[in-house]
Amino acid sequence: MPIRTAVPPRVLTVAGSDSGGGAGIQADLKTMLALGVHGMSVLTAVTAQNSLGVQGAWELPVDAVRAQYRSVVDDIGVQAVKTGMLASAALVETVAELLAGTDAPVVVDPVGVSKHGDALLAAEALDSVRTKLLPVATVATPNLDEVAQLTGVTVTDESGMRRAAEEILAFGPRWVVIKGGHLPGEAVDLLTDGSAEHWLRAPRHDNRHSHGTGCTLASAIASGLALGRDVPTAVREAKAYVTGAIEAGFPLGGGIGPVDHGWQTRPAVDPAS
């Protein structure tokens, strides 16, 4: 086989660890590998986590987060950055400051709670997300629970998604993806910059094993941006990737299993076998 010499685009995830491997840093790096970019990581927190929920979480010191970030960015460089679990106001503000000084698109997944409803962001950190983190985002990707946390808006239909987008954009991101997966019917997301609107629809798959969808979507968007896609194209391609990963999600443990980050290259399984 020929030796590959081209350097793939580099994407940095700044997020927490999911010991079960379905979300967080682990999901981010799997997504980046699947989509053809080189993934790098800044660990912000460690969780004890499995298919049943989060049993414990411990944030890293600010100095450790800053040192990881500077170590990677100053030597290797980045073409895109994705943020996930930041845990505390101090970490949110530190990461926002670092991002403001980095010349690369930023995808902010404002992680507030886990798939199981476990808190992953201190309540007092919400204002820092609004005033420090979202203003440096190229794309923000809140789900409906995170929209409610950040804006107080409860979304029950597609018209509510438009209002939610307006509220989030007022905090300063260039684009927002309002993820409507918690609504009944089709899995619909709204991408907008306040002017152009893109309604992204996909069939809803009857598969409860969907742990890691938010992390995976944000990482896929960041990967697309690093590959030179514009925002609408990166988000459309990320949506397609995540839809396939949800369809292929598999059971692990006794609770909610993960999406399948390797679904595009996984050998097909014969249902009759």
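Using the working numbering, you'd call the opening residue of the sequence shown number 1 and step up by one each time.
Don't be surprised by glycine CBs; every beta carbon is placed ideally from N, CA and C.
When you compare the CB positions of residue i and residue j, do they come within less than 8 Å of one another, or not?
i      : j      : result
Ser128 : Glu93  : yes
Arg162 : Val153 : no
Leu126 : Val95  : no
Ala222 : Val11  : yes
Ala48  : Ser19  : yes
Val242 : Thr213 : yes
His198 : Thr31  : no
Trp175 : Asp193 : yes
Glu237 : His205 : no
To the nearest angstrom, how far is the alpha carbon of residue i from that of residue j?
i      : j      : result
Ala220 : Leu183 : 22 Å
Leu29  : Ser41  : 8 Å
Gly249 : Thr44  : 26 Å
Gly24  : Val7   : 25 Å
Gly27  : Leu144 : It is worth fixing the name first, because residue 27 is Ala in this sequence and not Gly. Looking at the two C-alpha atoms, the distance is approximately 21 Å.
Phe171 : Thr131 : 7 Å
Leu99  : Glu59  : 19 Å
Glu166 : Thr5   : 45 Å
Val231 : Leu169 : 15 Å
Val62  : Pro142 : 24 Å
Leu217 : Thr233 : 13 Å
Leu120 : Val111 : 7 Å
Ala64  : Ala34  : 28 Å
Leu200 : Glu124 : 33 Å
Val259 : Val46  : 21 Å
Ala148 : Ile178 : 11 Å
Ser195 : Ala202 : 23 Å
Have a look at the options and flag the residue whose alpha-carbon is nearest the alpha-carbon of residue i.
i      : options                          : result
Leu227 : Gly22, Thr5, Ser19 and Gly36     : Gly36
Gly257 : Val111, Ala240 and Gly21         : Gly21
Gly181 : Lys239, Ala48 and Gly39          : Lys239
Glu146 : His38, Thr138, Leu225 and Ala122 : Ala122
Ala245 : Asp109, Arg266 and Glu167        : Arg266
Gly66  : Ala90, Leu225, Pro203 and Met32  : Reading the sequence as shown, one finds Arg at residue 66 and not Gly. Among Ala90, Leu225, Pro203 and Met32, the Cα nearest to that of Arg66 belongs to Ala90.
Gly275 : Gln68, Pro9 and Ser51            : The displayed coordinates of the chain run from 1 to 273. Any statement about residue 275 would go beyond what the structure contains.
Arg229 : Thr138, Gln149, Tyr69 and Leu150 : Thr138
With a threshold of 8 Å between beta-carbons, can residue i be considered close to chain C, or not?
i      : result
Gly244 : Among the protein chains of the structure shown there is no chain C, as only one such chain exists.
### Query
For the segment 80-93 against the segment 14-28, are there 3 or more C-beta pairs whose distance is under 8 Å?
yes
### Message
Going residue by residue through the segment 104-181, where are the continuous beta strand (DSSP E) segments of at least 3 residues, counting only ones entirely within it?
### Response
Listed in chain order, they are 106-108 and 175-179.
#### Entry: Whole alpha helix (DSSP H) elements within the segment 19-106, 4-residue minimum
Whole alpha helix (DSSP H) segments, 4+ residues: 24-34, 62-75 and 89-100.
### Message
If contact is defined by three or more beta carbon pairs under 8 Å, each pair taking one atom from either stretch, is the segment 71-81 in contact with the segment 47-61?
### Response
No contact exists between the segment 47-61 and the segment 71-81.
### Task
Please determine if the segment 187-201 and the segment 103-111 are in contact, where contact requires at least 3 C-beta pairs separated by less than 8 Å.
Using a Cβ-Cβ distance cut-off of 8 Å, the segment 187-201 and the segment 103-111 are not in contact, since fewer than three pairs of beta carbons, one from each stretch, lie closer than that value.
### Three or more C-beta pairs below 8 Å linking the segment 251-258 and the segment 201-210
Verdict: yes, contact present.
#### Entry: Whole beta strand (DSSP E) elements within the segment 176-254, 3-residue minimum
187-192 and 197-202
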